[in-house]
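Right, one structure below, let's go through it.
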């Protein structure tokens with residue numbers, strides 16, 4: 001299944017955490033750029049990097065934030081694995097990825113073991129191998 005199919009399955013109550021994380025890691029996503037930095041926001045002490053499965057979802061997000069519908073949005077394309085394994089650990093403090101924010105099916109990849117490298121995971125008191133994948137967060141409680 002594609003990443004959007006895995007997200008839809010999660011919203012239908014058929015969440016497969018390993019498949020969802022795996023598909024995100026294999027998928028190229030769009031990451032908006034503002035002032036030469038990847039767009040993000042901080043909430044509850046976690047920095048969330050915005051990523052989108054397609055330009056339509058990204059443009060919907062921009063419009064929801066007040067951008068003109070025809071405004072050009074600067075972005076980069078990156079494979080999810082690069083975001084999780086290289087970008088997230090380079091951010092100071094806890095950070096995760098928020099996918100398709102402002103859409104009907106947003107999903108969060110939090111900074112926990114099994115999603116990000118152990119060195120960036122906030123759920124480990126001592127870095128070590130993770131035996132289970134955590135459940136990615138589906139806003140609205142479907143899981």
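Residue numbers (UniProt numbering): 1 to 143.
Note that the Cβ used here is the ideal one computed from N, Cα and C, for glycine as well.
Please name the residue or residues paired with residue 50 in a DSSP beta bridge.
Locating residue 50 in the chain shown gives position 50, counting from the first residue. Answer is 98, bridged to residue 50.
Where does the unbroken alpha helix (DSSP H) through residue 58 begin, and where does it stop?
The count along the chain shown starts at 1 and reaches residue 58 at position 58. It spans 55-64 - the alpha helix (DSSP H) in which residue 58 sits, taken as one unbroken run.
Work out the CA separation of residue 2 and residue 77 for me, nearest whole Å.
Taking the chain shown and counting its residues from 1, the one referred to as residue 77 is at position 77. Taking the chain shown and counting its residues from 1, the one referred to as residue 2 is at position 2. Approximately 17 Å, taken between the alpha carbons.
Where do the N-terminal and C-terminal ends of the beta strand (DSSP E) with residue 41 fall, by residue?
Within the chain shown, numbered from 1, the residue matching residue 41 stands at position 41. Segment 40-43, the beta strand (DSSP E) holding residue 41.
Nearest-angstrom Cα distance between residue 219 and residue 10?
Residue 219 lies beyond the residue range present for the chain, which begins at 1 and ends at 143; the question has no answer from this structure.
Would you mind reading off the limits of the alpha helix (DSSP H) that contains residue 21?
For this step, residue 21 is matched to residue 21 along the chain shown. Residue 21 -> alpha helix (DSSP H) spans 17-26.
Span of the beta strand (DSSP E) around residue 108:
On the chain shown, residue 108 is found 108 positions in, with the first residue counted as 1. Counting along the chain, the beta strand (DSSP E) containing residue 108 begins and ends at 107-109.
In terms of alpha-carbon separation, which member of 26, 62, 23 and 22 lies closest to residue 39?
Here the question's residue 39 lines up with position 39 in the chain shown. Out of 26, 62, 23 and 22, 62 has the C-alpha closest to the C-alpha of residue 39.
What residue does the beta strand (DSSP E) around residue 8 start on, and which one ends it?
Within the chain shown, numbered from 1, the residue matching residue 8 stands at position 8. Premise fails: residue 8 lies in the alpha helix (DSSP H), 3-11, not in any beta strand (DSSP E).
Can you pull the DSSP bridge partners for residue 175?
Here the chain has residues from 1 to 143 only, and residue 175 is not among them.
Within 10 angstroms of its Cβ, does residue 69 collect 16 or more other Cβ (buried), or is it exposed?
The residue you call residue 69 lines up with position 69 of the chain shown. With fewer than 16 Cβ atoms within 10 Å of its Cβ, residue 69 is classed as exposed.
For residue 28, tell me which candidate among 51, 35, 116 and 56 has the shortest Cα-Cα distance.
As a working mapping, residue 28 is identified with position 28 in the chain shown. Closest by alpha carbon: 51.
Excluding the five sequence neighbours on either side, which residues of its own chain have a C-beta within less than 6 Å of the C-beta of residue 98, listed in chain order?
For the purposes of this step, residue 98 is identified with residue 98 of the chain shown, where counting begins at 1. 48, 50 and 108.
Identify which residue in 73, 84 and 80 has its Cα closest to the Cα of residue 95.
Stepping through the chain shown from its first residue, residue 95 is reached at position 95. If we check each option's Cα against that of residue 95, 84 comes out closest.
In whole angstroms, what separates the C-alpha of residue 33 from that of residue 55?
Translated into the one-based positions of the chain shown, residue 33 becomes position 33. Translated into the one-based positions of the chain shown, residue 55 becomes position 55. One C-alpha to the other measures close to 13 Å.
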